[in-house]
Amino acid sequence: MTDAPILVFDSGVGGLTVLREARVLMPDRRFVYVADDAGFPYGNWEEEALKDRLVALFGALIDTHAPLACVIACNTASTLALDVLRQNYPSMRFVGTVPAIKPAAERTRSGLVSVLATPGTVKRQYTQDLIRAWGARCEVTLHGSVALAGLAEQYMRGGFIDESAVLAEIRPCFIEKGERRTDIIVLACTHYPFLANRMRKTAPWPVDWLDPAEAIARQVARVVADSGNRSMSGDFDPAVFTSGDPDHATRRIVHGFGLRTE
1 MTDAPILVFD SGVGGLTVLR EARVLMPDRR FVYVADDAGF PYGNWEEEAL
51 KDRLVALFGA LIDTHAPLAC VIACNTASTL ALDVLRQNYP SMRFVGTVPA
101 IKPAAERTRS GLVSVLATPG TVKRQYTQDL IRAWGARCEV TLHGSVALAG
151 LAEQYMRGGF IDESAVLAEI RPCFIEKGER RTDIIVLACT HYPFLANRMR
201 KTAPWPVDWL DPAEAIARQV ARVVADSGNR SMSGDFDPAV FTSGDPDHAT
251 RRIVHGFGLR TE
């Protein structure tokens, strides 16, 4: 039996969507949630600087927490640094988050699929390679939203959001070609599922919003399947913020997910 945690990492609170699904599948596991709020938003970073930050940050996190595995619950960080993290820390098991283009391509009936992501994820070669590998039989529209991750954080903290702002960010994903319309939108940022209800409400027409959190959690469960479980103690798992000083609203959010801030 091991007491080592699974580390779930994101730039903000978006990775809580993955943590939620992971706990459903692995109720006897310990977790530590890490939010790089000091670096948020990642879209403002130059690629090499962000990559260096992630490599250094994960070195410190692995030394401190000695996790069973590290879940990078962030498309931007995964598409940029997953390979280099595996190279730098070969003994650690990493599970990344990449756009769910394969399942979207398999499910679409209209052949029109959109990927709603951050600008960084949209421009990554990793994303282009996924489209080339799995999206050949459909037409994939990539839309990089500058504001949506921040809107999700705002919504989580305050419970209110300007729905017209949400519509402005998602509208480019809705494509019409003759009688065909976009029928699947891939949510390629873990922040976005927090706005799913607002997206459905403001969408020009109904679509299938593809949230990868459950699939990521299943992969994590497979990766750590050979490790022992813990006995449930009732203690809250820790949430670590790189700023060292999350605000009251953020503390309230993570507490609602069964986490205690350190």
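Residues in the sequence shown are numbered from 1 upward in steps of one, following the working numbering.
Using N, Cα and C, we set each Cβ at its ideal position, and we do this for glycine too.
According to DSSP, residue i sits in a beta bridge with which residue or residues?
i           : result
residue 114 : 141, 185
residue 33  : 8, 239
residue 261 : 239
residue 72  : 9
residue 263 : Residue 263 is absent from the model: the chain starts at 1 and stops at 262.
Is any non-hydrogen atom of the ligand NAD found closer than 6 Å to the C-beta of residue i, if you look at the structure I gave you?
i           : result
residue 241 : Among the ligands in the structure shown, none appear at all, so the ligand NAD cannot be discussed.
Since residue i and residue j should fall inside the 8 Å C-beta cutoff, what is the C-beta to C-beta distance between them, to a whole number of angstroms?
i           : j           : result
residue 54  : residue 33  : Their Cβ separation, rounded to whole angstroms, is 16 Å, which puts residue 54 and residue 33 out of contact at 8 Å.
residue 6   : residue 31  : 5 Å
residue 281 : residue 259 : The requested residue 281 does not occur in the structure, where the chain is confined to residues 1 to 262.
residue 4   : residue 67  : 6 Å
residue 213 : residue 250 : The Cβ separation is near 20 Å, so there is no contact.
residue 118 : residue 76  : 5 Å
residue 207 : residue 183 : 6 Å
According to the Cβ coordinates, are residue i and residue j closer than 7 Å?
i           : j           : result
residue 175 : residue 141 : yes
residue 143 : residue 103 : no
residue 267 : residue 100 : As shown, the chain starts at 1 and ends at 262. That puts residue 267 outside it, with no answer to give.
residue 15  : residue 73  : yes
residue 180 : residue 110 : yes
residue 243 : residue 38  : yes
residue 13  : residue 199 : no
residue 152 : residue 194 : yes
residue 221 : residue 25  : yes
residue 11  : residue 36  : yes
residue 202 : residue 163 : yes
Apart from the five residues just before and just after residue i, which ones in its own chain have a Cβ nearer than 7 Å to its Cβ?
i           : result
residue 58  : 70, 85, 89
residue 79  : 98, 121, 124, 126, 127
residue 50  : 42, 80
residue 192 : 116, 148, 152
residue 223 : 69, 93, 95
residue 131 : 101, 140
residue 61  : 7, 34
residue 82  : 72, 94, 96
residue 231 : At residue 231, the pLDDT of 47 sits below 50, so the modelled position is not reliable and the matter cannot be decided from this model.
Grab me the residues of residue i's own chain with a C-beta within less than 6 Å of its C-beta, minus the 5 sequence neighbours each way, in chain order.
i           : result
residue 46  : none
residue 122 : 142, 144
residue 217 : 21, 22, 25
residue 196 : 209
residue 108 : 138, 183, 184
residue 247 : none
By Cβ distance, which residues of its chain are closer than 8 Å to residue i, with the 5 residues on each side in sequence left out?
i           : result
residue 43  : 76, 118, 119, 120, 146, 149
residue 23  : 29, 31, 258
residue 137 : 105, 111
residue 219 : 95
residue 204 : 171, 174
Does residue i get closer than 7 Å to chain B when you measure Cβ to Cβ?
i          : result
residue 35 : In the displayed structure, chain B is absent; only one protein chain is listed.
| Counting only runs that start and end within the stretch 199-234, where is the alpha helix (DSSP H) found for 4 or more residues in a row? | 213-223
| query | If you scan the stretch 35-98 from start to end, which runs of the alpha helix (DSSP H) of 4 or more residues do you find wholly inside it? | reply | Qualifying alpha helix (DSSP H) stretches, in chain order: 47-65, 75-88.
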